[in-house]
Amino acid sequence: MAGVTLPEGAKPIPNAATALKLAFNILSTSQRSQSPRIPFSTFQFLYQYLALVDGNISPVLIHRSLRYLQQEIIGLDGLIKLSDFMNNPRVTL
């Protein structure tokens with residue numbers, strides 16, 4: 040995904056964290072009373088893309104964050120919650 044550029048006329052997002060919050064709320068199938076959850080594979084794609092577009096997160100930190108989440112946080116259902124990575128000191132946003 041190196042060399043990602045925005046399409047002509049596209050407005051940049053404020054940061055990866057804000058975009059991920061929006062994506063969770065849009066893509067989540069959880070009920071409103073629950074924390075939004077999406078498949079980890081979807082999160083992984085979005086996180087990698089947004090982090091590279093953001094340009095402030097190194098590929099090494101992207102890899103470490105994803106590996107940590109996959110090994111330590113994701114349950115048997117394969118879903119990740121917004122609260123799993125927001126304000127988590129081991130995840131770079």
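Here the sequence shown is numbered in my numbering, starting from 40 and rising by one per residue.
No residue lacks a Cβ here, since even glycine has one placed at the ideal position from N, Cα and C.
- Take GLY117, set aside five residues on each side of it, and the residues of its chain with a beta-carbon closer than 8 angstroms to its own are PRO78, PHE79 and SER80, in chain order.
- Using a C-beta cut-off of 8 angstroms, the segment 119-132 makes contact with the segment 98-105, since at least three inter-stretch Cβ pairs fall below that distance.
- In this structure LEU108 touches PHE124 by the C-beta definition: roughly 6 angstroms separates them, less than 8 angstroms.
- Each residue's CA atom was taken as its position, placing LYS60 and LEU66 some 10 angstroms apart.
- Around the C-beta of PHE84, fewer than 16 other C-beta atoms lie within 10 Å, and the residue is accordingly described as exposed.
- In the structure shown, the three-state DSSP call for LEU115 is coil.
- Secondary structure note for PRO75: it is in no beta strand (DSSP E), with a DSSP letter that is neither H nor E.
- Distance from the CA of LEU121 to the CA of GLU47, rounded to the nearest whole angstrom, comes to 30 angstroms.
- Counted as a single uninterrupted DSSP element, the alpha helix (DSSP H) harbouring SER122 occupies residues 121-124.
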